[in-house]
Structures are given as C-alpha cells and as structure tokens.
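Residue numbers (the numbering used here): -5 to 325.
Structure below.
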C-alpha cells in the first residue's frame, strides 16, 4: 500500500473538567499524542490547554510521548484539546500456525530485559482464583500453538462477556468482569493480558482510538478512547488483538500509548488542589479521508464518536488544602 492510498485520519479530542469550587492549582499528564512508527505515521499533532498552560513533551520508560502541564492560579474548569493527523496500515497476514518450537522460544525471552515489564503482573492484570476458574470453565490453556491459543482466547472473551458501558470504573479489577460477565474494552484487554502472561507470552496494553465504520457488532466506548492488546510471538513479533471486537488490529486502530496495563497509559490524569467535586466530559471525533481531503479539511467520511460524561476518580491526598486525583478517562 502506497502512502497516497493509505487512509488518513484526523482525530479531534476534547476533555472538559468542571469543578464545584475554585481550584487553586492543578498538575496533569496527558497521553494524547499518537505513536509514530512504521505502521502508523504521525503527520501532525497539537494540544491546547485552557486556562492557558505550557504542555511539556516527555517520554516515559515504555517509549510513549506524553505531555505534562500545571496551572498555578484559581480556575473553575480545565479544557484539554488535542488534534492529530495520522495515516495507518494493516498488519501483515498471520500464518496459520507457528513452528513447533514456539513455546521454547517464548521461554527463552524471559531472560531478555526488554520483555520483563510485559511478563510481570500489572496493577490490573494480576492472576487470581477467579481467572483460573474462568480459564478452566472455557478450556483456555497453553495450547500446542501460542498463536492459536491467543486466537481462541480472543474469541472466547468476545463471546462470553457482554459489552456494557459504565458497568465498571477506571480502577475496576478483572474480578468484576469475571464475576458479572459485563465490562468495557479496558476490562476485556486486562483479562486477555492476564491470561497470556500466565502462559509466558509477553503482553502489553494499548490505549488509542477505533474508527467505527458502522459494521454490525462493532463496539467501542462512546466519546472516549479504545483499548486493545498486543502480544509478542516468535516469527511474528508484536501482533495486536482486539478482544472487544474479536479481531486482529487493523488500519482503523489508532495507537496512542502502550504499557503494562491501563494504569501506565491513562489518557488524562492529574492532581487538583481544591476544586471540590469534579465532572469530566469527553468528546472525540474521527474523520477519515485521503491525502487531498485531509489537507482540505477532510470533507469525505465523518464519524462522530460521541459526547459523554466520564467518571472522575477523586481521592483526597492532603491535610490542609484539599488535593484530589483528577479524572482518569475510562476506556
């Protein structure tokens, strides 16, 4: 696929926080800049903050670009507006199976420090009795072929769980979806990662967006971002699975950041001094076009992903002026 024939996407993301009382200060980190790599090229990115602040670009230990900013004056709201243009491509075709020594090669990477983070238990991907019981009930285990094992797991999660917005919160463990069978893409991804790591497959969580083309059964959070998984396999390298939609990741998946689980790559998070109760509203629009239509404002296809009220996970962490952890966006 040539660059001119690849799909171009313009992503417009607004996060709008309002506070019941004046906030005297705030510090936030945002993971909103898409990754720039072979299968996804970042053509432009800009970010604006209101009240005016200077976002500082930083890189974390996983290679993600994020922005840090602070506001040192009284304010009743905070708006974060990012705008990105990317072009994406599909993954290479998968083989039907891997070589017979695939599991042996996976055991070998346990000694490679590059994979340690993706083999260790994350905050939201810890093994448990509920996870073991779920795997036993559905016949999920380390099958002879790791690729077929992941394909079966992806299909099982899609068929077993019910996608239900607002059924979990940003800090829900996998126990909730395992017990109720209901969750969102963040939960689907955490369960699949926890299972794969228990079998010794390097696994990582991906935060991003999914451009919905209106196909029956497609599921993604309204007015927010999407989440899926990536696994490292011999002969293939890193390959993405979307258990929420029972699919291999393709050109419609726009990657923002990768980590061990959601806690590493929450799109927005921070600390608020004062402010009382906080409310978060999120609006995301993705427009698709070709190179010409992008440059002229993208007049071809347009999909409004939505406008939704998000949860704000507030915790008091101070004794004098109230300080709170502000508004992680659920995926």
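Just so it is clear, CB atoms sit at the ideal spot from N, CA and C, and this is done for glycine as well. Fair warning: this is a prediction, and the values are worked out from it, not measured in the lab.
- Residues of the same chain with a CB within less than 6 Å of the CB of residue 257, apart from the 5 flanking positions on each side, are 117 in chain order.
- Across the structure, residue 70 and residue 8 are spaced so that their CA atoms are roughly 17 Å apart.
- Taking C-beta atoms as the reference points, residue 232 and residue 183 fail to come closer than 8 Å.
- In this structure, DSSP gives residue 90 a state outside helix and strand, which the three-state scheme calls coil.
- When DSSP states are grouped into helix, strand and coil, residue 230 belongs to the coil group.
- Annotation for residue 124: the continuous alpha helix (DSSP H) segment containing it runs 123 to 131.
- Shown here, residue 140 sits in a helix according to DSSP, grouped into three states.
- Rounded to whole angstroms, residue 226 and residue 14 show a C-alpha spacing of 46 Å.
- When the alpha-carbon of residue 276 is set against those of 11, 2, 153, 39, the nearest one is in 11.
- Taking a cut-off of 8 Å for Cβ pairs, the stretch 140 to 152 and the stretch 188 to 202 touch, as three or more such pairs fall below it.
- CA-CA distance, residue 27 to residue 79, rounds to 10 Å.
- With contact defined as three or more Cβ pairs closer than 8 Å, the stretch 157 to 164 and the stretch 86 to 101 are not in contact.
- Here residue 155 is not near residue 133, since their CB atoms are 8 Å or more apart.
- Beyond the five residues adjoining it in sequence on each side, residue 66 comes within less than 7 Å, by CB distance, of 19 in the same chain, given in chain order.
- The distance from the Cβ of residue 280 to that of residue 74 is about 17 Å, inconsistent with a contact at the 8 Å cut-off.
- Closest in alpha carbon position to residue 42, among 272, 136, 96, 64, is 64.
- Setting aside the 5 residues that flank it on each side, residue 39 is surrounded in the same chain by 27, 78, each with a C-beta closer than 6 Å to its C-beta; the list follows chain order.
- For residue 245, there is no enclosing alpha helix (DSSP H), as DSSP marks it with neither H nor E.
- With a 10 Å radius around the Cβ and a threshold of 16 neighbouring Cβ atoms, residue 81 comes out buried.
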